[in-house]
Amino acid sequence: MAEIEEMRDEITKHFKNFKAFEVVRDPSDHHFMKQSKKPKAEAAKAIFNEYTILEQLPSETSSMIFVRAYEDHIDLMRAVIVGPQGTPYADALFFFDILFPQDYPSYPPNLYFHSYYGLHFNPNLLYPNNNQSWLPKKSSMLQLLLSIQALVLNEQGPYYFNEPEPDLWRRLFSSTKKSSCLDQYNKDVFRLCCKAMPRVMRNPPMHFECFVLGYFRENAYKILMNCGEYMNKYDVDLVEVMRLLIDKFEKNGSYCKHLYYLVDEADQKISKIDGGEKKAIAQGDDQSSLLINKWWKKFVNGFKFNDLFC
Numbered sequence: 001m002a003e004i005e006e007m008r009d010e011i012t013k014h015f016k017n018f019k020a021f022e023v024v025r026d027p028s029d030h031h032f033m034k035q036s037k038k039p040k041a042e043a044a045k046a047i048f049n050e051y052t053i054l055e056q057l058p059s060e061t062s063s064m065i066f067v068r069a070y071e072d073h074i075d076l077m078r079a080v081i082v083g084p085q086g087t088p089y090a091d092a093l094f095f096f097d098i099l100f101p102q103d104y105p106s107y108p109p110n111l112y113f114h115s116y117y118g119l120h121f122n123p124n125l126l127y128p129n130n131n132q133s134w135l136p137k138k139s140s141m142l143q144l145l146l147s148i149q150a151l152v153l154n155e156q157g158p159y160y161f162n163e164p165e166p167d168l169w170r171r172l173f174s175s176t177k178k179s180s181c182l183d184q185y186n187k188d189v190f191r192l193c194c195k196a197m198p199r200v201m202r203n204p205p206m207h208f209e210c211f212v213l214g215y216f217r218e219n220a221y222k223i224l225m226n227c228g229e230y231m232n233k234y235d236v237d238l239v240e241v242m243r244l245l246i247d248k249f250e251k252n253g254s255y256c257k258h259l260y261y262l263v264d265e266a267d268q269k270i271s272k273i274d275g276g277e278k279k280a281i282a283q284g285d286d287q288s289s290l291l292i293n294k295w296w297k298k299f300v301n302g303f304k305f306n307d308l309f310c
């Protein structure tokens, strides 16, 4: 027991001291490792300038973006973005592996999204606004990460707003109001994000191990209370997810058992719902999830940011 407590204290210590930007050594688990090459002189200069910009990130763990660069592979980076509050992505961790091309900054970085989530992101990434583009000499890696946070990890979802084929969404949800579609989308995304949290804890990317465990230990209560709010709003869909999170967060060193009352309250609501309404809810979930997966599967192999954010 003493050894376990000592290990937990060590994780908390590392988390508290985790820098928003740091140069590390081993990129062996990096998605683009086999494509890594020594960059040209101009590209190397531009990448080192990115270091200077990223060093300005807030050093405290309340930062929303954390980046690791690699000492012997300067064309590689890894970043994690914390899901913004007020969105279905809130408090989830989104990891990206980054490859700077040989002609950087004339061409934007390539990014690979670590999909622990069963989701592969809002199609904003694949079908950006034509008025927004990568501007050589002006755009930066930090701007790109902030753009992902602001434009992709938002509450609006792809319904009607960002989709390449909005008529498909209109036909599928022809009998449902737009706000109901967005509610369903947000609920599905939130549930997927919550389900992924134990997967991230079980298999965190290298150099973020203590950060991941410490982060979820520190934020377990907030995440579970947010889950409770979603259960109150949507009634029945998140009960098992809540049970899973309480169990995993407890094993990770957070005290959460006292929040089982949220699960009990949801169970009571479920018991009062008749069979027809339960079936309608399930059908709505299936319909929404099928459409979401149709588009998000496109991102399983990563994506390139050609003509993306300014």
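Under UniProt numbering, think of the first position of the sequence shown as 1, with each following residue one higher. Think of the CB as a built atom: it goes at the ideal place given N, C-alpha and C, for glycine as much as any other residue.
Across which residues does DSSP place residue i in a beta bridge pair?
i: residue 70; result: 24
i: residue 82; result: 93
i: residue 151; result: BP columns for residue 151 are empty, so no partner.
i: residue 77; result: 69, 98
Measure how close the beta-carbons of residue i and residue j come, nearest whole angstrom, since I'm counting them as under 8 Å.
i: residue 142; j: residue 74; result: With a Cβ gap of about 16 Å, residue 142 and residue 74 do not count as contacting.
i: residue 238; j: residue 227; result: 6 Å
i: residue 208; j: residue 80; result: 6 Å
i: residue 96; j: residue 76; result: The pair is not a contact, with the Cβ atoms about 11 Å apart (cut-off 8 Å).
i: residue 144; j: residue 109; result: 7 Å
i: residue 231; j: residue 266; result: 5 Å
For residue i, which residues from the same chain have a beta carbon less than 8 Å from its beta carbon, with the 5 sequence-adjacent residues on both sides left out?
i: residue 18; result: 61, 66, 210, 211, 214
i: residue 28; result: 206
i: residue 71; result: 23, 24, 25
i: residue 250; result: 256, 257
i: residue 149; result: 64, 65, 81, 84
i: residue 35; result: 99
i: residue 229; result: none
i: residue 246; result: 224, 256, 257, 259, 260, 263
Between the C-alpha atoms of residue i and residue j, what's the straight-line distance to the nearest angstrom?
i: residue 189; j: residue 244; result: 17 Å
i: residue 154; j: residue 85; result: 9 Å
i: residue 248; j: residue 182; result: 29 Å
i: residue 100; j: residue 38; result: 10 Å
i: residue 14; j: residue 202; result: 18 Å
i: residue 87; j: residue 186; result: 8 Å
i: residue 58; j: residue 222; result: 21 Å
i: residue 263; j: residue 195; result: 16 Å
i: residue 219; j: residue 33; result: 32 Å
i: residue 21; j: residue 268; result: 46 Å
i: residue 69; j: residue 253; result: 29 Å
i: residue 11; j: residue 241; result: 25 Å
i: residue 192; j: residue 115; result: 11 Å
i: residue 102; j: residue 140; result: 16 Å
i: residue 260; j: residue 271; result: 17 Å
i: residue 92; j: residue 51; result: 25 Å
i: residue 41; j: residue 49; result: 12 Å
i: residue 297; j: residue 113; result: Model confidence at residue 297 stands at a pLDDT of 44, short of 50, so the residue's coordinates are unreliable and nothing is read from them.
i: residue 16; j: residue 89; result: 23 Å
i: residue 9; j: residue 184; result: 40 Å
Within its chain, find whatever has a CB closer than 7 Å to the CB of residue i; leave out the 5 residues flanking it on each side and keep chain order.
i: residue 198; result: 244, 248
i: residue 136; result: 105, 106
i: residue 44; result: 74
i: residue 30; result: 76, 78, 97
i: residue 200; result: 93, 116, 212
What span of residues does the alpha helix (DSSP H) with residue i cover, start to end?
i: residue 47; result: 41-54
i: residue 144; result: 141-147
Got a sec: does the ligand ATP put a non-hydrogen atom nearer than 6 Å to the Cβ of residue i?
i: residue 269; result: Of ligands this structure carries none, so the ligand ATP is not represented either.
Grab the span of the beta strand (DSSP E) containing residue i for me, first residue to last.
i: residue 247; result: Counting along the chain, residue 247 falls outside any beta strand (DSSP E), though it belongs to the alpha helix (DSSP H) covering 239-251.
i: residue 93; result: 93-99
Might you give, ordered along the chain, the residues of its own chain that have their beta carbon closer than 6 Å to the beta carbon of residue i, omitting 5 neighbours on each side?
i: residue 131; result: At residue 131 the pLDDT is 42, less than 50, meaning the model places this residue with poor confidence and gives no usable figure here.
i: residue 94; result: 81
i: residue 55; result: 21
i: residue 47; result: 74, 100
i: residue 204; result: 212
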